[in-house]
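*Asks:* The structure under discussion is supplied below as structure tokens; questions concerning it will follow.
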Amino acid sequence: MRLSNLADYAVVAMAAAARRCGGGRVSAGELAAETGLPAPTVAKLVSKLTAAGLLRSMRGAHGGLQLARPAAAITLADIVEAVEGPIALTACVEGDSCALDHDCTVRAHWPVVNEAVRGALAGITLTQLASRREIA
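Heads up: take any position in the sequence shown, counting from 1, add 41, and you land on my numbering.
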């Protein structure tokens, strides 16, 4: 299993926002400069992260972006789901059809697996991700 580039970039951008914000605001351009991500990618991420309630965008002279809630209350699962949608390792869990649907003996187990993966991601906070120290 691998995250998409966009989900990876969302984690990088949110970590940078957490380090820079500290209750203040940061511009999308500043996030792009700090992370090395292209400005259009940051704009796309800001849109998704704002829609998911993870970032708040304010216009005007004192505008910019800020975390919508404390970094300790935002998890890796929140960020990944904001970009990727619900965490589901197989398509059949989301109701998509599967060639093995009629004989599948493991379909009933995928929700448990998905919840375990989500739980692991939910156990890592943005505060930890924004830290320059390795997560233990």
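Yeah, the Cβ is synthetic: ideal placement off N, Cα and C, and Gly gets one too.
Just verifying my parser: in three-state terms, what is the DSSP assignment at M99?
*Replies:* The answer is strand: DSSP assigns M99 an E or B state.
*Asks:* Look at the alpha carbon of A140 and the alpha carbon of A123, and state the distance between them as a whole number of angstroms.
*Replies:* Spanning the two alpha carbons is a distance of roughly 29 Å.
*Asks:* Look at the alpha carbon of A54 and the alpha carbon of L72, and state the distance between them as a whole number of angstroms.
*Replies:* Their Cα atoms are separated by approximately 7 Å.
*Asks:* T76: which of G65, S98, V52 sits nearest, CA to CA?
*Replies:* That would be V52, whose Cα lies nearest to the Cα of T76.
*Asks:* Mapping the DSSP letters down to three states, classify L108 as helix, strand or coil.
*Replies:* L108: strand per DSSP, three-state reduction.
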